[in-house]
Amino acid sequence: MDFFQLKVLFKTKWFLPGLLIVLLTAGAFLIYGGHPPAYYLSIYEGKSEALVEQIKIKPGEKMELSYIHSADGTPVKALFVIEEEGLRLIEERYSWYGSGLESGSGYDFSFQEEEVTVSGYDRFFKQLPLRVARTVPQEIYLEDEVISINRLAPGGSLLIIRVDKKK
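Residue numbers (the working numbering): 151 to 317.
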């Protein structure tokens with residue numbers, strides 16, 4: 151393009167509005183749509199809401215919360231699916247049902263290798279409160295991470311687990 155052609159282009163009545171639309175669209179794309187949001191499994195101290203642990207995750211991943219049931223000492227594994235807005239409980243496994251564990255509730259039960267599996271749950275948690283045990287281990291298993299709950303806060307402390315989204 152030579153100088154004369156550029157001069158004619160600038161004089162057309164659609165050039166400046168068209169240029170403005172292109173620039174605004176490009177700016178909006180870069181600010182809002184240039185990259186997908188990142189999701190994190192965040193663990194907060196219950197009273198102060200201070201962030202104590204944060205792990206990058208993807209919606210659709212599974213999370214297992216492993217603990218010892220306080221009433222009868224049974225190991226429990228609760229399986230959650232991570233969603234954009236929270237956690238969905240889908241299954242629990244334990245070696246024997248005791249007080250506070252599902253039994254005869256209309257969910258699907260299976261018995262394999264000395265373990266009871268209860269499935270058919272569809273319980274959504276925007277945030278999951280968790281009291282840190284004083285005497286037994288509690289762990290969260292993600293695809294590539296293991297989080298020891300007991301190292302995050304003293305026994306008896308309240309922690310809040312939730313999914314955070316950052317752009």
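Even glycine gets a Cβ: it sits at the ideal position worked out from N, Cα and C.
#### Entry: Where arginine 301 falls: helix, strand or coil (DSSP)
Locating residue 301 in the sequence shown gives position 151, counting from the first residue. Three-state DSSP puts arginine 301 in a helix.
### Message
For lysine 212, list the residues DSSP reports as bridge partners.
### Response
Taking the sequence shown and counting its residues from 1, one reaches residue 212 at position 62. Paired residue(s): Val231.
### Identity of the residues DSSP links to arginine 312 by a beta bridge
Residue numbering aside, residue 312 sits at position 162 when the sequence shown is read from its first letter. Ser192, Gln277, per the DSSP bridge assignment.
### Task
Find out if the Cβ-Cβ distance for the pair glycine 196, isoleucine 232 is shorter than 9 Å.
Position 46 of the sequence shown, counting from 1, holds the residue named residue 196. Position 82 of the sequence shown, counting from 1, holds the residue named residue 232. For glycine 196 and isoleucine 232, no; Cβs fall outside 9 Å.
### the stretch 297-315 contacting the stretch 262-272, beta-carbon criterion three pairs below 8 Å
no
### Message
Assuming aspartate 314 and serine 198 are in contact, meaning their beta carbons sit under 8 Å apart, how far apart are those beta carbons, in whole angstroms?
### Response
As a first step, residue 314 is located in the sequence shown; it is residue number 164 there, counting from the start. As a first step, residue 198 is located in the sequence shown; it is residue number 48 there, counting from the start. Wrong, their Cβ atoms sit about 17 Å apart, outside the cutoff.
### Message
According to DSSP, simplified to helix, strand and coil, what is serine 269?
### Response
Walking along the sequence shown from the start, residue 269 turns up at place 119. It is a strand residue.
### Query
Can the beta-carbon of proline 287 be found closer than 9 Å to that of serine 216?
Within the sequence shown, the letter at position 137 stands for residue 287. Within the sequence shown, the letter at position 66 stands for residue 216. In contact: proline 287 and serine 216 (Cβ atoms closer than 9 Å).
### Task
Pick helix, strand or coil for valine 282, following the three-state DSSP scheme.
On the sequence shown, position 132 is the one that residue 282 refers to. DSSP places valine 282 in coil when its eight states are reduced to three.
### First through last residue of the beta strand (DSSP E) which encompasses glutamine 204
Sequence index remark: in the sequence shown, residue 204 carries index 54 (1-based). Glutamine 204 -> beta strand (DSSP E) spans 201-207.
### Message
Pull the bridge partners of glutamine 262 from the DSSP assignment, please.
### Response
Working through the sequence shown from its first residue, we reach residue 262 at position 112. In the DSSP output, where bridge partners are listed per residue, glutamine 262 has Glu265.
### Where the beta strand (DSSP E) through glutamate 242 begins and ends
As a working mapping, residue 242 is identified with position 92 in the sequence shown. From DSSP, the beta strand (DSSP E) with glutamate 242 extends over 236-244.
### Task
May I ask you to report which of helix, strand or coil DSSP gives proline 225?
Here residue 225 is taken as the residue at index 75 of the sequence shown, counted from 1. Here proline 225 sits in strand by DSSP.
### Close-in-space but distant-in-sequence residues of the same chain around isoleucine 240 (CB under 6 Å, 5 per side omitted)
As a working note, residue 240 is residue 90 in the sequence shown. Here the set comprises Leu229, Val231, Tyr271.
### Query
So, proline 187 versus lysine 317, is the Cβ gap smaller than 9 Å?
By 1-based counting over the sequence shown, the position of residue 187 is 37. By 1-based counting over the sequence shown, the position of residue 317 is 167. Contact flag set, yes.
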